[in-house]
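Participant: Dropping the structure in here first, questions after.
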Amino acid sequence: MHSQFGEPLGAAPLSQAGTLAIHALLLLFLTSLFVVDAAIHYVCLCVGSVLRKHISHVSKFGKVAMRRSLPLCLHSTPMCLLSAGKLSQYEQEAYESHRRFTESQTYPGPIRAATPGDTRFYMGSAETILRENERHYWRAVIDDPHVQHLVPLRIRFKTFIWVTSGWEQRMQVVQVMMQRDATIAELMQQVRIENQSPYLCISSFKLSIDGKDLDDMKTLADYGINEYSRIDAIEENDYLLHTEAEKPKDWNVDEMTEDVLLRSPYKEMAMQPLPNLAPRYEAKPKGYHGKNDYSGMKQSS
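Pasting the structure below:
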């Protein structure tokens with residue numbers, strides 16, 4: 084029931100203090116709503132700027148991906164699924180191939196074997212057979228990182244030269260380039276390769292320094308051999324040269340029989356030059372048409 088003024092019956096009229104309290108609560112509530120709204124607006128602004136940056140990056144990446152995927156759209160590419168077993172297999176194969184690459188001494192292998200370069204090298208008229216690590220071209224993988232410290236060695240041989248009055252003993256030198264860790268056997272083999280004279284290295288020989296033979300299995304560093312060492316090559320019949328059977332025949336005194344004239348060095352002293360000696364002794368390159376005076380005869384070119 085209501086009174087004539089529209090107020091409910093039985094309700095006591097509010098006091099002035101209660102009205103002020105209600106107004107204060109409403110004002111506090113509205114203030115808190117305003118603060119919360121401002122905070123939400125600030126957070127939305129920050130998140131929006133970050134999202135705009137990401138969206139711009141994604142749009143750029145999408146454009147690039149679309150451009151690059153256009154050629155792929157024209158081809159039917161099968162779907163590739165990489166399983167765990169295949170991945171381990173690929174990793175193992177990659178590891179093995181990389182290990183073969185790092186341990187290989189002849190990389191690139193078949194390419195190097197197919198293009199060995201020129202094996203003959205001419206300095207003047209002397210021909211040298213190049214070894215495996217000496218070629219006429221430069222390979223970036225093989226030749227560039229491979230640094231060798233080679234020692235020039237002079238091997239002294241005893242040889243006999245015929246002069247008008249008889250045989251005269253001379254010294255002939257064979258120069259080789261060897262590594263410091265090379266063995267004496269490798270040095271002897273290189274001397275046989277570098278030798279240009281048909282009268283040297285005919286029989287087996289030993290290397291000696293100051294009359295002491297060098298062990299074939301020891302290295303140059305073991306003996307302290309350097310470029311100033313005097314290394315002598317002693318032929319196997321050197322100690323028999325004073326005997327009548329081994330000493331060279333004297334053309335002025337001894338009788339030169341047919342079997343003697345067929346042996347070296349007498350067969351090379353004949354008037355007719357032998358064709359097999361000129362390329363070996365002179366080591367002339369192919370296409371060389373020079374003249375020599377080794378035979379004593381007038382030669383026709």
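My numbering applies: residue 84 is where the sequence shown begins, and numbers increase by one. Backbone N, C-alpha and C fix where the C-beta goes; we use that ideal spot for every residue, glycine too.
Taking only three categories from DSSP, how would you classify Ile105?
Facilitator: Reduced to three states, the DSSP call for Ile105 is helix.
Participant: One question on the structure: do Leu236 and Met261 come within less than 7 Å of each other, judged by their Cβ atoms?
Facilitator: Yes.
Participant: For Ile317, tell me which candidate among Tyr125, Leu116, Leu283 and Arg346 has the shortest Cα-Cα distance.
Facilitator: Among Tyr125, Leu116, Leu283 and Arg346, the Cα nearest to that of Ile317 is on Leu283.
Participant: Using the C-alpha atoms, what's the distance from Gln255 back to Arg195?
Facilitator: Model confidence at Arg195 stands at a pLDDT of 49, short of 50, so the residue's coordinates are unreliable and nothing is read from them.
Participant: Within the chosen definition, does the stretch 306-315 reach the stretch 236-249 through at least 3 CB pairs nearer than 8 Å?
Facilitator: Enough Cβ pairs lie closer than 8 Å, so yes.
Participant: Hey, would you say Glu327 sits closer than 7 Å to Ser287, going by beta carbons?
Facilitator: No, the pair does not count as a contact, with Cβ atoms beyond the cut-off.
Participant: From the DSSP secondary-structure annotation, give me the bridge partner or partners of Val257.
Facilitator: In DSSP, Val257 forms a bridge with Ile238.
Participant: Ignoring anything shorter than 3 residues or poking outside the stretch 315-356, list the beta strand (DSSP E) runs there in chain order.
Facilitator: Taking only runs of at least 3 residues, no beta strand (DSSP E) segment lies wholly in the stretch 315-356.
Participant: Which residue marks the beginning of the beta strand (DSSP E) containing Thr211, and which one marks its end?
Facilitator: Where Thr211 is concerned, the enclosing beta strand (DSSP E) stretches over Ala209 to Ile212.
Participant: According to DSSP, is Glu251 part of a helix, a strand, or is it coil?
Facilitator: Strand.
Participant: Which residues in the same chain as Gln273 place their Cβ atom closer than 7 Å to its Cβ, once the five residues preceding and following it in sequence are excluded?
Facilitator: So the qualifying residues of the chain are Val259 and Met261.
Participant: DSSP on Met300, reduced to helix/strand/coil?
Facilitator: Residue state, collapsed to three classes: coil.
Participant: Mapping the DSSP letters down to three states, classify Arg263 as helix, strand or coil.
Facilitator: Coil, per DSSP.
Participant: Tell me the DSSP secondary structure of Leu283 in three-state form.
Facilitator: Three-state DSSP puts Leu283 in coil, outside helix and strand.
Participant: From which residue to which residue does the beta strand (DSSP E) around Ser291 run?
Facilitator: Element bounds for Ser291: Phe288 to Ile292.
Participant: On the criterion of 16 or more Cβ atoms from any shown chain inside 10 Å, does Ile212 qualify as buried, or is it exposed?
Facilitator: Exposed: under 16 other Cβ atoms inside 10 Å.
Participant: If you compare alpha carbons, which of Asp293, Thr247, Asp264 and Ser291 is closest to Asn335?
Facilitator: Nearest option by C-alpha distance: Thr247.
Participant: Taking the straight line between their C-alpha atoms, what separation do you get for Glu176 and Arg182?
Facilitator: So the alpha carbons of these two residues sit roughly 10 Å apart.
Participant: Name the residue from Ala104, Pro331, Arg135 and Ser132 whose alpha carbon lies nearest to the alpha carbon of Ile38.
Facilitator: Because the chain here runs from 84 to 384, residue 38 falls outside it and cannot be looked at.
Participant: Quick one: grab the DSSP three-state call for Tyr311.
Facilitator: The answer is coil: DSSP assigns Tyr311 none of H, G, I, E or B.
Participant: So, is Asp315 buried or exposed, given that buried needs 16 or more other C-beta atoms within 10 angstroms?
Facilitator: Buried, by the Cβ-count rule.
Participant: Using the Cα positions of Asp333 and Phe240, report the straight-line distance between them to the nearest angstrom.
Facilitator: Their backbone Cα atoms lie some 21 Å apart in a straight line.
Participant: Does the beta-carbon distance from Ile267 to Asp299 come in below 7 Å?
Facilitator: A contact, by the Cβ cut-off of 7 Å.
Participant: Terminal residues of the continuous alpha helix (DSSP H) containing Ser171?
Facilitator: First-last of the alpha helix (DSSP H) with Ser171: Ala167 to Glu186.
Participant: Can you give me the Cβ contacts of Leu323 inside the same chain, cut-off strictly under 6 Å, excluding the 5 residues immediately before and after it?
Facilitator: Excluding sequence neighbours, Leu323 sits near Glu329.
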